[in-house]
Structures are given as C-alpha cells and as structure tokens.
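Just so you know, the sequences run in chain order A and B.
Take the first sequence: its letters are residues 4 to 261, numbered as in this note's numbering.
Take the second sequence: its letters are residues 4 to 261, numbered as in this note's numbering.
Notes follow once the structure below has been shown.
Number of protein chains: 2
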Amino acid sequence: MRHCESCKAGLEQYCYEGNIGTYNGNDVHLGGHTLGGYSAAITVDEKFVLNIPDNLPLDAAAPLLCAGITLYSPLMHWHAGPGKRVGVIGLGGLGHMGVKIARALGAHVVMITTSPEKAADAQKLGAHEVIISTDPAQMKAASKTLDLLMNTVSAAHDYNAYARLLRVDGVQVLLGVPPTDMPPPSVGRMIGNRLTLAASTIGGIRETQEMLDFCAAHNIVSDIEMIRMEQVNDAYERMLKGDVKYRFVIDMATLKAA
Amino acid sequence: MRHCESCKAGLEQYCYEGNIGTYNGNDVHLGGHTLGGYSAAITVDEKFVLNIPDNLPLDAAAPLLCAGITLYSPLMHWHAGPGKRVGVIGLGGLGHMGVKIARALGAHVVMITTSPEKAADAQKLGAHEVIISTDPAQMKAASKTLDLLMNTVSAAHDYNAYARLLRVDGVQVLLGVPPTDMPPPSVGRMIGNRLTLAASTIGGIRETQEMLDFCAAHNIVSDIEMIRMEQVNDAYERMLKGDVKYRFVIDMATLKAA
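Given below as structure tokens:
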C-alpha cells in the first residue's frame, strides 16, 4: 500500500494491492475489522487525515466523506461543469449530494427519479429540471439531451433505459454495486451513439480534501437527521425504506449512554 | 443531415437524424436500398468523397474504409499511442487492422485470441505479445496489465473476462453488435478499478481521410484475398467459418462477366 501506481497518483481507493476500507475492512494492524463511523476513536497515518474547513458543521459534513466524495470524484473525472447537462438518477443520500455538487460546479442539473413526490425537493436542492422516469412521455421527451449521468441506484435495474437520455458521446457512471445481476448492456445503442458505461467509487485522500474545500467554498453540506446511538436499529429499518432526508448521522456523544 | 451537432463535428456516423449506410441503407434519393461495395457506380456529394493516396493499392486499401476506420477511430478517441498497452481481442478483419494501426501509433500491442494457431500471424502483423484467452494461466498472468482493449468479437461473449486484463482506468471498446444478449456487466470490478465499457462504429469523413493518410504514411493496407464476383457465395460461406486472411475483396471488373 501507498507505493503502487494508483496510490502514487492519489487514487488510494484503486490501490493495486487492495485498499483497507474504513468500515468493515480487514484491520491489518489490530486484527479484526475496522469500525468506521462507529469507532469511538481511530488512529490513522497523518497522510490520511483530512481537514474539515471551519465553516462546515461537523454533523452535516460527516456524510461528505462518503456520499460527497462518491459524487464529486466522478463529476470531476468526467468534466461536469458549465455547458454540461448532468443527470442524477435517484434522490437519496448519494443523489442529493450529486445535485448539490453538480449545481455548484456550474452544470445544468436534471434529477431523474421514479417518485413524482420527490420533484419539489429535488428542485429545492438545486435541480434545474426533474424527469419522472416512470412516465414514458417524459423519458421520450428527454431522449438524447444529457451529457453525463450519475447513476446512484444500488439495486439491479435497467440502466439502458437511462442511456437513452444520453447525447452522442454521453457517459453513464454507475456508483452502486447491485446485489444481483444487472441486465445486459444495449450494445447497439452504445455503438450507435458512442456511449460509455463507466463506474466509480469514493475518491482518494487528495481529492477528498479538494472536495471538502470545494464544499466549504460553496456552503455545501449533506441534509441530515441526527440520531442517538440507541436509535441505530430503527434508523437502519427506516433507511431500507428510503425514509430519511438524506443521511442519518449518529451523535457519538450518545455512545456511552447506549 | 449534415446540420446536426454530430455532423458539424465531423461525426456523420453519429448523426442525430440518422445516417444513411453506404450498404443496405435507405436510399432517400433513388428509393430502395444502397448497394455499397456491390455498386457498379455510386454518386455522392463532394463532401463525402475520399482521396486514396497514390501509394496505397486500391484493392488492399478498400477494407480500410470499413475495418480500418472502425479501429482507427476508437484508437484515436481513447488515445492509443506511446506508453499505452493496447489489447486487440480477436484476429479477423477488424482485429488485424487493429494490430497494424495500434502498432503504427506507437502503442505496445497485445493480441488476445482464442486460437493458439493465430499467434504467429498476430506477431507477423505487428503484435508485441499474444495472449491465448482460453488458457486461464495466461489470462491470470496478464491481469491488470492493459490500458485499452479493442474488442472486435461480433458474437455474444463474456467481455467481463477481458475486463480483468485492464489496469485501473482501463477502457474496453466494443466494436461489434452481437445478435444475442451479452452477459451482464461485472459492476463490482468496474467500480473497484474505475473501468469503462465503451463502444464505437466506423468514423466520420474527416477522420476517414485522416486514417487513409495515416495508413499511406505507414504503408498500412488490409491483408486481402481477391475474388471474382461469381465466387461471392463461396466467399460468404468461408467468411462465416473465419476462413479468410483477412478480408475478401471483389474484383469489380468481373461483375459484367458474372
């Protein structure tokens, strides 16, 4: 670790020797597994310490380190910005960060959701437009209008339906690993429009600090609901139902009380 | 046609209004369908006329207009060149052009084939290395060693097996549309290594001329077998069996005799 080509390029998440996840990774120093955000304390090498800018509240900044960088990294990698039409598929923990960051990058932001009731929230978060993907007329009208798609859906689904929204040379980035197989790619459509199916996971330390500084400059944090440690099981059940706007954060001061 | 964003960018093959294929396309001027290489004569707008450089023999240059540009365009688009390790999957009409052009671009060229008997030919054509993809040991040894894959296989197949050969940020370009569904993408591997699945078809007129000039400068033509018109049905049967090195070309002077 930290000497392969990926690590040298600041892409520790793609380490050729395998990274150690902050949560549930093999702890090579102490044995067992890492505890991530459930840790009471954590010891890391100074190269892996990040600075949370002073103007970001710690609670709402916490999800930036996962959802925030998960969207920031592919948005930067695929050049989201002024003149680009960026679709964000799914309005959850990842998706709401995608809308905020893509908007702050200067892109034209389109939320794509199965839920008509989420349209107003998406616009409040910064989406210029909303497409209800269960409405064939809306999907058809938006055919070949987007340059870049951030696909935050974590269940298996027909990503090819979203590819129809892409212009020539459009890119769809998969951000979730579904537990079951996805459908086959529509190769004909890909070839006929030079479409790209891409993928991305979190970001390296250098880019994560860049993301934090970017969020600080644009006053971006995650929308959170703070819970006490003893609520964690209820929160998990609610999360599975999508009943959270948009990330739960545990108040670690409640750990000892639990 | 010729006024959409793709056409203005020289990407007529990705015309938003639909291109007209030289072969078996709807002939909007005369009705019926276009006859491509079977035409005795063809009338096109001057913007669609190409110059075959004098040093290229017409017979062996003919397949450059299909197989040549089909490989040249994605090799250029995805920046094949010095320092890049480019794999070409499949040694047929497309694949043998991929080897020649990638080699001339200065890339390190690796032929990936199911057929051990094709290894010597691949090296003669310019491949620096050959991987026999049916040999698990060779495939494992080549894991994460390539930057770019030109996948010329036109039947449905497990393209995920080739993705294992890609380094972080590697790109696999699909060049054939299989008649049946491909397997699902291995999203986990894609996300874990920021891999890209891309696709491409032929090239625009500007890039096709650039390709012809490039081939002229590097003395590249297709390896062909010339046939008479009356042999076309036999040639088709042989082509289906892969019994051609690597493209049949019809001597059009034999058309009247047939």
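Note that beta-carbon positions come from the ideal geometry of N, C-alpha and C, so glycine has one too.
In the three-state reduction of the DSSP assignment, T25(B) falls in the coil class. Linking G86(A) to Y17(B) through their CA atoms gives a straight-line distance of about 20 Å.
Under the three-state reduction of DSSP output, N154(B) falls in the strand class. Identification of chain A residues near L200(B) by a Cβ-Cβ cut-off of 9 Å yields P188, M193, T199, L200, A201, A202, ordered along the chain. Within a 10 Å sphere around the beta-carbon of E210(A) sit 16 or more other beta-carbons, which makes this residue buried. Where E228(A) is concerned, the enclosing beta strand (DSSP E) starts and stops at 227–230.
Exposed is the label assigned to P56(A), since fewer than 16 other Cβ atoms lie within 10 Å of its Cβ. Judged by DSSP in its simplified three-state form, M114(A) adopts strand. Proximity to K259(A) across E240(A), R231(A), K244(A) peaks at R231(A), based on C-alpha coordinates. For D237(A), the uninterrupted alpha helix (DSSP H) segment begins and ends at 235–243. Residue pairing by DSSP places R170(A) opposite no residue, since no beta bridge is assigned to it. In the three-state reduction of the DSSP assignment, L59(A) falls in the coil class. Here the alpha carbon of P186(B) sits roughly 42 Å from the alpha carbon of A44(B). Using a Cβ-Cβ cut-off of 7 Å, N196(A) is close to Y17 of chain B, given in chain order. In the pairwise beta carbon analysis, the stretch 139–148 of chain B is classified as not touching the stretch 56–65 of chain B: fewer than three pairs are separated by under 8 Å.
In this structure, M214(B) keeps its C-beta atom at 7 Å or more from the C-beta atom of G109(B).
Annotated as proximal: L94(A) and A125(A), with beta-carbon spacing under 7 Å.
Looking at I253(B), S42(B), A166(B), K248(B), the one whose alpha-carbon comes closest to that of V89(B) is A166(B). In the three-state reduction of the DSSP assignment, V47(A) falls in the coil class. Of the residues assessed, A202(A) falls on the buried side of the cut-off, its CB having 16 or more other CB atoms within 10 angstroms. Those residues of the stretch 154–182 of chain A placed with their C-beta closer than 7 Å to a C-beta in chain B are V171, L177, V180, P181, ordered along the chain. About 19 Å separates the beta carbon of P66(A) from that of V180(A), a gap too long to meet the 8 Å contact definition. Assigned with DSSP and collapsed to three states, H36(A) falls in strand.
Put simply, the stretch 95–108 of chain A does not touch the stretch 168–175 of chain A. Fewer than three CB pairs are less than 8 Å apart. Interface annotation for the stretch 99–113 of chain B against chain A: empty, criterion Cβ-Cβ distance under 8 Å.
Just measuring C-alpha positions, the residue of I208(A), K103(A), D161(A) sitting nearest D48(A) is I208(A). Residues N154, A202 of the same chain have their beta carbon placed closer than 6 Å to that of L177(A), with the five preceding and five following residues left out of the count. Note: A202(B) is bridge-paired with L177(B) in the DSSP secondary-structure output. Taken through DSSP and simplified to helix, strand or coil, G90(A) comes out as strand.
The three-state secondary structure of E8(A), taken from DSSP, is helix. Listed along chain A, the residues sitting closer than 7 Å to S9(B) by beta-carbon distance are V171.
Looking at Y19(B), T183(B), A238(B), L78(B), the one whose alpha-carbon comes closest to that of Y249(B) is A238(B). The Cβ atoms of S136(A) and I115(A) sit closer than 7 Å to each other. For V31(B), the three-state secondary structure derived from DSSP is coil. Cβ proximity to chain A below 8 Å picks out nothing from the stretch 128–145 of chain B. V252(A) carries a strand assignment under DSSP once its states are collapsed to helix, strand and coil.
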